[in-house]
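K.L.:
Take the numbering used here: the last position of the sequence shown gets the number 296, and nothing is skipped along the way.
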Amino acid sequence: MFSGGCDRNASGAKLLSFCFSPLGMFTISSSIISLGLFFSSVSMLSASQTYGGGSHCFICADRATGKHYGASSCDGCKGFFRRSIRSNQTYNCRFNRQCVVDKDKRNQCRYCRLRKCFKAGMRKEAVQNERDCINPHRVKGQPVGTLSINVLLQAENSVQQLLVLFSPQSHDISTKKTACVGDVFESMKQQLLLLVEWAKHIPEFCSLHIDDRVTLLRTHSAEHLILGAARRSLPYNDVILLGNDFVIPLRGAELEVSRVAIRIQEELVKPLRELDITDKEFACLRSIVFFAPGQPIPL
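1. My understanding is that residue 231 touches residue 270, with C-beta atoms under 8 Å, so please give their C-beta distance in whole angstroms.
2. Exposed or buried, residue 97, counting other C-beta atoms within 10 Å across all chains shown (16 or more means buried)?
3. For the structure I just gave you, are there three or more beta carbon pairs, one from the stretch 188 to 196 and one from the stretch 221 to 235, closer than 8 Å?
4. Report the CB separation of residue 148 from residue 200 in whole angstroms; it is logged as a contact under 8 Å.
5. Is DSSP giving residue 87 helix, strand or coil here?
6. Is it right to say residue 285 is buried, meaning 16 or more other beta carbons lie within 10 angstroms of its own, or is it exposed?
7. Only counting the same chain, and skipping five residues up and downstream in sequence, which positions put a Cβ closer than 6 Å to that of residue 277?
8. Could you name the residues that DSSP lists as bridge partners for residue 60?
9. Select from 121, 210, 184 the residue whose C-alpha is nearest the C-alpha of residue 83.
10. Please report the Cβ distance between residue 198 and residue 262, rounded to the nearest whole angstrom; I am assuming they are in contact, meaning their Cβ atoms lie under 8 Å.
11. How big is the Cα-Cα spacing for residue 236 and residue 216?
12. Is DSSP giving residue 199 helix, strand or coil here?
13. Using beta-carbon positions only, say whether residue 71 and residue 79 come within less than 8 Å of one another.
14. Can you list, in chain order, the residues of its chain whose CB lies under 8 Å from that of residue 58, leaving out five sequence neighbours each side?
15. What number of angstroms, rounded off, separates the C-alpha of residue 76 from the C-alpha of residue 66?
16. With residue 243 and residue 173 assumed to form a contact (beta carbons below 8 Å), what rounded beta-carbon distance in angstroms separates them?
17. In the DSSP assignment, find the unbroken alpha helix (DSSP H) run with residue 70 in it and report its ends.
18. Quick one: what does DSSP say residue 206 is sitting in, helix, strand or coil?
19. Does the separation of the CB atoms of residue 184 and residue 241 fall below 8 Å?
20. From residue 118 to residue 68, what does the alpha carbon distance come to, in whole angstroms?
21. When burial is assigned at 16 or more other CB atoms within 10 Å of the CB, is residue 272 buried or exposed?
22. Taking residue 236 as part of the beta strand (DSSP E), name the residues at either end of that continuous run.
23. Using 10 angstroms around the beta-carbon of residue 212, count the other beta-carbons present and answer buried if the total reaches 16, otherwise exposed.
24. From residue 275 to residue 265, what distance separates their C-alpha atoms?
25. For residue 232, which of helix, strand or coil comes out of DSSP?
26. In or out: residue 204 buried (at least 16 other Cβ within 10 Å) or exposed?
27. Taking only the alpha-carbon atoms, compute the straight-line gap between residue 55 and residue 110 and give it to the nearest angstrom.
28. Drop a sphere of 10 angstroms on the beta-carbon of residue 130, count the other beta-carbons inside from all chains shown, and report buried for 16 or more, exposed for fewer.
29. Excluding five sequence neighbours on each side, which residues of the same chain lie with their C-beta closer than 7 Å to the C-beta of residue 139?
30. Going by DSSP, what residue range makes up the alpha helix (DSSP H) through residue 254?
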């Protein structure tokens, strides 16, 4: 489905077949693996707690200081990536492009280190965006790209239509079944497929190189899973509603899952409910989370 341009008329069957394609398997598996954090501390909800201790650099395994340019990394790898991108460096490997990149040997091969930065999820456009924010040089009168709210709403509507096909929704909370861990992961897979469909309706996403599209999907999938769960749960005080119509009670038998549910309810559902967020505002919020470079959104 991503071999060429974005097909906005893809059917539900084609969307389902995406999960069996190489890109689909990569997107889903890498996201679910990374979501081990989802059940331990819901680290994507709070950047400060994610890097409060114990996190490691995805490039060299040194102590991470935060999420830089799209990947959890140390200051050393952050600076190396920034310098490499800003100076447009081209490195060569003297060996077989399989050099060990760790805390002790990270300076031995810049080619393999930079390649590992990209594999970890770092994005070169995040470096450029950072420079633009610090030192803007836009010529006066130069047009600025805009993303139409109507486009975002159309993307949301397309996802909602597919969601009905996947799991017909019932508003009666008493008829919903309590989710086990397996149900939660099934909902994750479903929502990741819907995230791909949503992104295909965004022209700015479709214009990106395939590698950048994959990186965006991989980097921000966790935030979208949590944000979507929070939005669906706005009408409820004691459960989190999953996309497959299962619920997670705030006081359930699965302690790890319930702990996640409590944090989502307290830190996301209640604030969003108090704001009385509209469909337009949520559509904008989703796109901001998706395209935000560098640091994770502190939802």
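Note that beta-carbon positions come from the ideal geometry of N, C-alpha and C, so glycine has one too.
P.N.:
Reading it off the structure:
1. 5 Å
2. exposed
3. yes
4. 7 Å
5. coil
6. exposed
7. 146
8. 53
9. 121
10. Between residue 262 and residue 198 the Cβ distance is about 30 Å, and since that is not below 8 Å, they are no contact.
11. 27 Å
12. coil
13. no
14. 99, 100
15. 10 Å
16. 7 Å
17. It is not in any alpha helix (DSSP H) - residue 70 instead sits in the beta strand (DSSP E) that spans 68 to 70.
18. coil
19. yes
20. 5 Å
21. exposed
22. 236 to 238
23. buried
24. 15 Å
25. coil
26. exposed
27. 11 Å
28. With a pLDDT of 43 at residue 130, under the threshold of 50, the predicted position of this residue should be treated as unreliable, though the coordinate-derived value follows. That one is exposed.
29. With a pLDDT of 42 at residue 139, under the threshold of 50, the predicted position of this residue should be treated as unreliable, though the coordinate-derived value follows. Hits under 7 Å: none found.
30. 252 to 261
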